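Here the sequence shown stands for residues 1 to 353, numbered as in full-length UniProt numbering. All C-beta atoms in this analysis are idealised placements derived from N, C-alpha and C, irrespective of residue type, glycine included. From a predicted model like this one, the values you see are computed outputs, not experimental measurements. Reviewing the structure listed below.
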Amino acid sequence: MGYSITQAQPSDDQEELISLINRNFDKNDSQWFDWSHRQNPFGQNYCWLAREEAAGKLIGSTGLLSRRMNYQGAPLSVGQAEAINIDPEHRSAQAAIKLQRALVSHLPETDFKFVYGMTETAAAVFQRCRYKKVGTFQHWVMPLRSEYKFKNKISNPLVRKGAATFVDLGLRLYSLESRTFLSPRLNTNFEAPFDERFHDLFTRHSQGLITVERTREFLEWRFCQEPTSRFQIMTLENRDQELLGYIVYVIGETGRNGDHAAGIQDFFYKDESALKTMLAAFIQQCRQIGMDTIVMNYFGRQEIGKLLSRFGFFQRKSATQVFVYQNPQFSDLQMDTILDQEHWHLTNAELLS
């Protein structure tokens with residue numbers, strides 16, 4: 001079966017594109033499309049469409065999203081490869097590879113130094129198109145309460161509650177949370193708006209990291225204007241209201257087996273001490289509001305994983321892999337650092353739902 005690939009503006013063929021998105025990604029209105037494709041704070045997006053040559057029907061699409069990343073302490077224009085969207089009956093490699101090759105062929109006409117893509121299902125397509133793999137996301141889970149785990153194992157509610165109380169105490173004593181105390185010189189704020197302090201924090205403490213710039217405009221777009229989720233913010237501040245770190249989270253994220261989960265969507269911090277204090281305060285807050293688990297996705301430094309483990313987080317298997325493709329127009333760009341996962345900092349802020 002043959003496919004033709006054309007480049008288009010995201011606003012072209014909008015009704016067809018929205019229909020394609022709705023039937024494959026379950027986005028059932030135009031708000032998500034407008035937010036993702038028309039309101040990008042970093043500039044213009046690019047779009048490629050795949051049509052069945054015989055019938056002319058739109059059967060697939062992909063996009064290239066404009067991003068600005070920090071690289072060696074300076075801003076860098078890059079592209080984020082959007083998820084490849086193809087109708088189930090056309091999900092052979094042919095259409096997907098054609099779409100991705102059209103995307104990378106366009107790179108020399110942009111100022112993007114490289115493209116990065118994150119995928120659970122299209123790793124083979126990225127590899128066929130000569131992307132280089134950087135690594136795999138980590139999915140972390142911290143159990144706070146265990147009673148929901150015993151629902152199918154212990155029928156007597158009193159016995160179940162007693163067993164859960166004993167297990168929960170053990171979990172809490174094991175966690176670094178029990179040995180981390182909030183200094184009276186520090187405050188946590190669960191009602192802080194995004195302001196210029198967030199970009200100041202990022203600018204001062206992002207040296208050596210490869211990550212999308214946390215500007216006020218990006219954070220507001222990502223977490224205040226996104227139409228399908230309600231995000232909340234926790235900040236760690238000193239007495240002078242200097243921002244030392246923040247966590248963006250959502251309640252009810254990926255809860256399994258009937259558990260109530262808090263999902264960490266994004267975080268940034270001044271130093272490890274601030275991150276440790278912030279995590280302890282966030283975990284305590286989650287306990288107070290009755291959460292059963294905390295979950296998060298992260299891609300980057302091993303030191304983050306080691307600290308999470310000390311708090312009682314454990315890893316579940318993740319299939320989300322990260323790939324990069326260098327723009328041949330910028331062949332002098334040193335890729336060794338970019339291909340080293342230890343320099344990255346990616347969260348759900350980059351994993352657009």
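C-alpha gap between residue i and residue j, whole angstroms
i: TYR246; j: THR235; result: 4 angstroms
i: GLY117; j: PRO184; result: 43 angstroms
i: ASN187; j: ASP240; result: 10 angstroms
i: ARG197; j: PHE231; result: 19 angstroms
i: PHE313; j: LEU219; result: 26 angstroms
i: LYS133; j: ASN238; result: 40 angstroms
i: LEU201; j: GLY252; result: 28 angstroms
i: ILE59; j: ALA319; result: 25 angstroms
i: GLN285; j: GLN44; result: 39 angstroms
i: GLY73; j: GLY290; result: 40 angstroms
i: ARG301; j: ALA54; result: 49 angstroms
i: PHE299; j: GLU89; result: 32 angstroms
i: PHE25; j: PRO108; result: 30 angstroms
i: GLU350; j: THR119; result: 12 angstroms
i: ALA95; j: GLN334; result: 32 angstroms
i: HIS260; j: LEU182; result: 25 angstroms
i: ALA81; j: LEU209; result: 20 angstroms
i: VAL115; j: GLY135; result: 15 angstroms
i: LEU65; j: THR203; result: 22 angstroms
i: TYR71; j: VAL250; result: 29 angstroms
i: GLN329; j: THR110; result: 9 angstroms
i: ARG23; j: MET296; result: 27 angstroms
i: TYR131; j: LEU17; result: 26 angstroms
i: ALA93; j: LYS317; result: 25 angstroms
i: PRO41; j: ASP292; result: 35 angstroms
i: GLN69; j: LEU346; result: For the sequence presented, residue 69 should be read as Met rather than Gln. Rounded to whole angstroms, MET69 to LEU346 spans 11 angstroms at the Cα level.
i: LEU352; j: ARG287; result: 28 angstroms
i: LEU49; j: GLU242; result: 47 angstroms
i: residue 363; j: ILE233; result: Nothing about residue 363 can be reported from this structure: the residues present for the chain run from 1 to 353 only.
i: ASN30; j: GLN127; result: Sequence inspection shows Ser at residue 30; the Asn mentioned does not correspond to that position. Cα to Cα, the separation comes out at about 32 angstroms.
Expected contact under 8 angstroms - CB spacing of residue i and residue j to nearest Å
i: GLN315; j: HIS139; result: 7 angstroms
i: ARG67; j: VAL78; result: 5 angstroms
i: VAL322; j: LEU339; result: That belief does not hold up - the Cβ atoms of VAL322 and LEU339 are roughly 10 angstroms apart, past 8 angstroms.
i: ILE86; j: VAL125; result: Between VAL125 and ILE86 the Cβ distance is about 10 angstroms, and since that is not below 8 angstroms, they are no contact.
i: ARG214; j: PHE268; result: 6 angstroms
i: ILE294; j: ALA262; result: 5 angstroms
i: ARG216; j: HIS199; result: 6 angstroms
i: LYS113; j: LEU144; result: The pair is not a contact, with the Cβ atoms about 42 angstroms apart (cut-off 8 angstroms).
i: ASN348; j: ASP266; result: 6 angstroms
i: CYS47; j: GLN14; result: About 10 angstroms; that fails the 8 angstroms criterion.
i: MET142; j: PHE311; result: 6 angstroms
Exposed unless 16 or more other CB atoms sit within 10 angstroms - verdict on residue i
i: SER4; result: exposed
i: CYS129; result: buried
i: SER273; result: exposed
i: ASP271; result: exposed
i: THR6; result: exposed
i: THR228; result: exposed
i: GLY63; result: buried
i: GLN39; result: exposed
i: SER331; result: exposed
i: SER19; result: exposed
i: ARG51; result: buried
i: ASP195; result: exposed
i: SER175; result: buried
i: GLU177; result: buried
i: ALA83; result: buried
i: SER105; result: exposed
i: GLN100; result: buried
i: ALA122; result: buried
Chain B contact for residue i (CB, 7 angstroms cutoff)
i: VAL104; result: Of the protein chains in the structure, only one exists, and it is not chain B.
Nearest candidate by alpha-carbon position, reference residue i, set the options
i: TRP32; options: LEU279, GLU226, VAL250, ILE233; result: GLU226
i: SER309; options: GLN329, ASP332, ALA280; result: ALA280
i: TRP344; options: LEU244, ILE283, VAL212; result: VAL212
i: PRO193; options: MET296, ALA122, VAL248; result: VAL248
i: TYR244; options: LYS276, ASP111, LEU20, PRO41; result: Looking at the sequence itself, residue 244 is Leu, so the reference to Tyr does not match. The shortest Cα separation from LEU244 among LYS276, ASP111, LEU20, PRO41 belongs to LYS276.
i: TRP35; options: ASN189, PHE223, PRO328, GLU52; result: PHE223
i: GLN207; options: THR337, LEU65, ILE21; result: THR337
i: LYS306; options: GLU191, GLU342, ARG23, ALA93; result: GLU342
i: LEU103; options: MET69, SER30, LEU17, SER61; result: SER61
i: GLY2; options: LYS57, PHE42, GLU16; result: LYS57
i: TRP221; options: HIS37, LEU49, GLU191, GLU242; result: HIS37
i: MET278; options: THR180, GLN127, GLU242; result: THR180
Inside the region 3–79 only - beta strand (DSSP E) runs reaching at least 3 residues: 3–8, 46–52, 58–71
Would you list, in sequence order, the uninterrupted alpha helix (DSSP H) runs of no fewer than 4 residues that lie entirely inside the region 187–241? You should have 196–205, 216–223.
Of all the alpha helix (DSSP H) runs that stay within the bounds of the region 261–326, which reach a length of 4 or more residues? 272–288, 302–310
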